[in-house]
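To start, the structure under review is shown below, and the notes come after it.
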Amino acid sequence: MSFTVPQELEKEIDERITHYPVSKRSAVLPILHALQHHFGYLSEEAVEWTAAKLELQPIKVLEVVTFYPGFRQEAPGKYHIRVCRTLSCAMAGSYELMEALCEKGEIDRSAVSHHHPIAVGKDGKFSIEFAECLASCGFGPVCMVNDEFHENVTPDKVEDLLSKYE
Amino acid sequence: MPPAATDEKKPTAETPAVPMVNVQIDGQWYQFPKGTRMIEACRQVGKDVPHYCYHPKLTSPGNCRMCLVEMGMPPRLAPGQEPEKDGEGHQPIQWIPRPAIACANTVAENMGIRTDSELTRGCRHGVMELLLINHPLDCPICDQAGECRLQEFSVEHGTGGSRFREQKVKKPKNVDIGPRIRLDDERCIMCSRCVRFTDEIADDPVLGFTERGSHTVLAVHPGHELANNYSLNTVDICPVGALTSNDFRFQMRVWFLKETKSICTDCGRGCNTLIGSREGRVYRQTPRENNDVNSAWMCDHGRLNFHYLDSELRLSAPLVKDEGVHKESTWPKAIQRAATALKAHGGSEIAVVVSSRMTNEELFMAKRLIDTLGAEHVATVPRAGEPDAYLIAADKNPNTQGARLILGLEGDLAAGLDSVRRGVADGRIKAVVTLQEDLLTPEAGFDAQTLDGLEALVVLHLLANPTAQMASVVLPGAGFAEKRGSMINVTGRLQRLNKATEPFGQSLDDWEILRDLIQAIGGGNGIYLIEDVFKQLAAGVEEFEGLTLSKIGDLGVPLIETGETVPLLERERERIAKGQIVG
Chain A
13 MSFTVPQELE KEIDERITHY PVSKRSAVLP ILHALQHHFG YLSEEAVEWT AAKLELQPIK
73 VLEVVTFYPG FRQEAPGKYH IRVCRTLSCA MAGSYELMEA LCEKGEIDRS AVSHHHPIAV
133 GKDGKFSIEF AECLASCGFG PVCMVNDEFH ENVTPDKVED LLSKYE
Chain U
7 MPPAATDEKK PTAETPAVPM VNVQIDGQWY QFPKGTRMIE ACRQVGKDVP HYCYHPKLTS
67 PGNCRMCLVE MGMPPRLAPG QEPEKDGEGH QPIQWIPRPA IACANTVAEN MGIRTDSELT
127 RGCRHGVMEL LLINHPLDCP ICDQAGECRL QEFSVEHGTG GSRFREQKVK KPKNVDIGPR
187 IRLDDERCIM CSRCVRFTDE IADDPVLGFT ERGSHTVLAV HPGHELANNY SLNTVDICPV
247 GALTSNDFRF QMRVWFLKET KSICTDCGRG CNTLIGSREG RVYRQTPREN NDVNSAWMCD
307 HGRLNFHYLD SELRLSAPLV KDEGVHKEST WPKAIQRAAT ALKAHGGSEI AVVVSSRMTN
367 EELFMAKRLI DTLGAEHVAT VPRAGEPDAY LIAADKNPNT QGARLILGLE GDLAAGLDSV
427 RRGVADGRIK AVVTLQEDLL TPEAGFDAQT LDGLEALVVL HLLANPTAQM ASVVLPGAGF
487 AEKRGSMINV TGRLQRLNKA TEPFGQSLDD WEILRDLIQA IGGGNGIYLI EDVFKQLAAG
547 VEEFEGLTLS KIGDLGVPLI ETGETVPLLE RERERIAKGQ IVG
């Protein structure tokens, strides 16, 4: 699969770089965000592309990518679900929520590990991972589906929730 | 203010222009130039502060925290308040309850440092305990054992036990990160010395830390490798056993190695080295700091170019050829044979090819031989190569300067060699003595057919090379690790080689062979020691006047002006001037 950054996106990225006149290197985060937003994840090619863009060695970009759990190195599904597992949500039942989501969304999490946090469903429609605090501790358990935020998601609401995404 | 330290430890100003500041270290007052790092100030007065990430030749990120010390400053004065001073003019020190890193902070007026207080000791205990939490503690099978900072500081500053009852983090082991280096991520303490070396010195930033957090691993980018010609320096500066050399690992425990100060003879730079040897065998070469030659580094090529010393082709005894067959002989017989063969020819029929890989002492003896024989044809084999932007010199011979001085060679060395080649080809030259040179290499450019036409071919070399195979007499000489002597590098610095091992088998030091040969040809000369050779050299060649082998010292002395500079040292001086590194 060849990696091509659309002209429009590259123009936007070039503009972002101008925000950091002292050191282009500082533009690495906004660029990675832009690329992940467009491609859904950061492939090896995306890392190399960013490095070339900023005149860095690829390892310097990889350091950043691997530091933030928010950056994905594997392709997610059409809808990527992030379930909060930090204290408040965990106590409110985020693990049960995760189980319910996997069951209804037909996602197998058995291969998930520290290095591969994302599980993708068979048809590629849903993918899921645990996330740390999503900043709504009073309304746990909470989760995000792509950029949409959902509060008080008890396991019985899972079917309704998933049916919103087609 | 008289410092209480003993005279030899008393720090002195490097340049008088830099103002001095008063600093109290462990209760005693000293003076240091402003800008001195706290860690260097402590070291200068004999109070070594343990550290991992700090390296004077690299920037100081201050990430290992091992050099934490207790620090104090004079009290802040209210407006108009006069400072309260003791009899020696020092203000009282207010100790800061929080420790400071000694590597990245510089000394200040009236600063106090405690390298052995309860706070400092507590910090070291804590740092050691945390560093050892995920460390595999596999010293018995680790190649770094014996020269491992973690091991040493664990003994000196550790607690002796661990309170950690949980699972250690598992990380990649035995990772092939380049052609000469192996990585064990579980041993890594993330000091980042190697990362900084590849960034700042080798300009090949392929290393980095990924997955920062409890799983932090040192890694090369997928598809890349740590393959630059300076990569093995990362093994030297790695304070633990995370990076090990493929060439040296598991060959020998470091505490068995005898370390001999010498120089690398791979090119004209003459990087200062330590030869690690045991029981007559060289196991490794590592760079030795010399800020006029190689800083603290050396190239991988030079470092690894010693295995030929125990090559299968190594000559173990003198050989003479009878009826086309080489037979082992004794030294007196072989020397006599060589002398007889050479004496049969007049000076115009004899050529001596001398190697610029020989020491000054050997060159001096070669010159004696040339004079004794009256040989009219003398040449060396020039080796011009590509320099790099770091240490490698364009001249691949380690002692071209010495050869020019001592043999009195002038002008184009290649032309001199060419004329010998032509003389051999057209039959004017009937006898050739070659000293440490294989004439049948592309550099020397002789061909077997013309050599075959010679009436006498005397070879002094370490290896049974093609020229030796054609020789009437073969005299086995010594390798660079087997001799004491001196060489002059491309910048004109006179440096010393020291003997790490004995010459292989019955081989002899080259200067002894030459002495015996001269004796057999022209009579006695009363030289018994290498020091005698140098004494005569100093008497005979102007530039060496007043010098002795021991006066050269471990770091060498500037001897002649060549106008050559060392690119790596130029950059290092810039960094020191900018305050980026200590140097």
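As they're listed, the protein sequences go chains A and U. Position 158, counted from 1, in the first sequence is what this note's numbering calls 170; the numbers after and before it change by one each time, with no gaps. Position 427, counted from 1, in the second sequence is what this note's numbering calls 433; the numbers after and before it change by one each time, with no gaps. Ideal placement from N, C-alpha and C gives every residue a C-beta, glycine not left out.
By Cβ distance, which residues of its chain are closer than 7 angstroms to residue i, with the 5 residues on each side in sequence left out?
i, result
"lysine 91/U", "Gln97"
"leucine 523/U", "Ile341, Ala344, Ala345, Leu375"
"leucine 54/A", "Leu44, Leu47, Gln48, Val77, Phe83, Arg84, Gln85"
"phenylalanine 312/U", "Val288, Gln291, Ala487"
"valine 73/A", "Val40, Val59, Thr62, Ala63"
"glutamate 449/U", "Val387, Arg389"
"alanine 431/U", "Thr456"
"aspartate 32/U", "Lys53, Arg120, Thr121, Asp122"
"alanine 420/U", "Pro388"
"proline 100/A", "With the sequence shown as reference, residue 100/A is identified as serine, and proline is not the correct amino acid for it. Excluding sequence neighbours, serine 100/A sits near Cys149, Gly152."
"cysteine 145/U", "Ala151, Gln157"
Consult DSSP for residue i and reduce its assignment to one of helix, strand or coil.
i, result
"cysteine 273/U", "coil"
"methionine 493/U", "strand"
"tryptophan 303/U", "coil"
"lysine 339/U", "helix"
"leucine 481/U", "strand"
"arginine 363/U", "coil"
"asparagine 239/U", "helix"
"glutamate 24/A", "helix"
"glutamine 30/U", "strand"
"arginine 130/U", "helix"
"isoleucine 119/A", "coil"
"methionine 476/U", "helix"
"glycine 569/U", "coil"
"phenylalanine 256/U", "coil"
"leucine 70/A", "According to the sequence shown, residue 70/A is proline rather than leucine. Looking at proline 70/A - three-state DSSP - the assignment turns out to be helix."
"proline 564/U", "strand"
"tryptophan 543/U", "Residue identity check: residue 543/U is leucine in the sequence provided, not tryptophan. Helix."
"phenylalanine 15/A", "coil"
Within the same chain, show all residues whose beta-carbon is closer than 6 angstroms to that of residue i, passing over the 5 residues directly before and after it, in chain order.
i, result
"serine 148/A", "Val154, Glu163"
"lysine 15/U", "Annotation note: pLDDT 42 at lysine 15/U (below 50); position unreliable, no value reported."
"serine 123/U", "Glu76"
"cysteine 194/U", "Leu224, Ala248"
"isoleucine 356/U", "Leu379, Ala381, Ala437"
State the Cα-Cα distance for the pair residue i and residue j, rounded to the nearest angstrom.
i, j, result
"proline 388/U", "isoleucine 341/U", "28 angstroms"
"alanine 487/U", "phenylalanine 254/U", "17 angstroms"
"threonine 16/A", "tryptophan 61/A", "9 angstroms"
"aspartate 394/U", "lysine 402/U", "12 angstroms"
"isoleucine 119/U", "proline 25/U", "19 angstroms"
"threonine 597/U", "glutamine 173/U", "In the structure as shown, chain U begins at 7 and stops at 589. Residue 597/U is therefore absent and cannot be evaluated."
"glycine 429/U", "isoleucine 435/U", "5 angstroms"
"arginine 188/U", "proline 228/U", "15 angstroms"
"glycine 152/U", "asparagine 405/U", "35 angstroms"
"valine 201/U", "isoleucine 207/U", "10 angstroms"
"alanine 87/A", "tyrosine 80/A", "16 angstroms"
"alanine 102/A", "alanine 143/A", "11 angstroms"
"glycine 330/U", "glutamine 455/U", "15 angstroms"
"tyrosine 91/A", "tyrosine 177/A", "8 angstroms"
"proline 211/U", "glutamine 69/A", "6 angstroms"
Provide the residue(s) that pair with residue i in DSSP beta bridges, ordered along the chain.
i, result
"serine 268/U", "Thr279/U"
"arginine 290/U", "Gly282/U"
"arginine 43/U", "Thr112/U"
"cysteine 155/A", "Val95/A, His162/A"
Find the nearest neighbour of residue i within the set the options, judged by alpha-carbon distance.
i, options, result
"aspartate 328/U", "His227/U, Ile281/U, Ala462/U, Thr279/U", "Ala462/U"
"valine 95/A", "Phe79/A, Tyr80/A, Ala112/A", "Ala112/A"
"glutamate 537/U", "Phe370/U, Thr336/U, Pro67/U", "Phe370/U"
"leucine 143/U", "Arg130/U, Trp261/U, Val133/U, Gln157/U", "Gln157/U"
"asparagine 366/U", "Thr240/U, Pro472/U, Thr271/U, Leu319/U", "Thr271/U"
"serine 335/U", "Pro146/U, Gly68/U, Pro482/U", "Pro482/U"
"alanine 106/U", "Leu125/U, Glu94/U, Asn116/U", "Leu125/U"
"tryptophan 101/U", "Arg155/U, His61/U, Gln30/U, Arg130/U", "Gln30/U"
For residue i, which residues from the same chain have a beta carbon less than 8 angstroms from its beta carbon, with the 5 sequence-adjacent residues on both sides left out?
i, result
"aspartate 13/U", "Annotation note: pLDDT 42 at aspartate 13/U (below 50); position unreliable, no value reported."
"isoleucine 93/A", "Leu113, Gly117, Phe138, Ser139, Ile140, Glu141, Cys155, Met156, Val157"
"serine 160/U", "Met134, Leu138"
"phenylalanine 262/U", "Arg284"
Compute every distance between the C-beta of residue i and the non-hydrogen atoms of the ligand FAD, then say whether any falls below 6 angstroms.
i, result
"glycine 528/U", "Of ligands this structure carries none, so the ligand FAD is not represented either."
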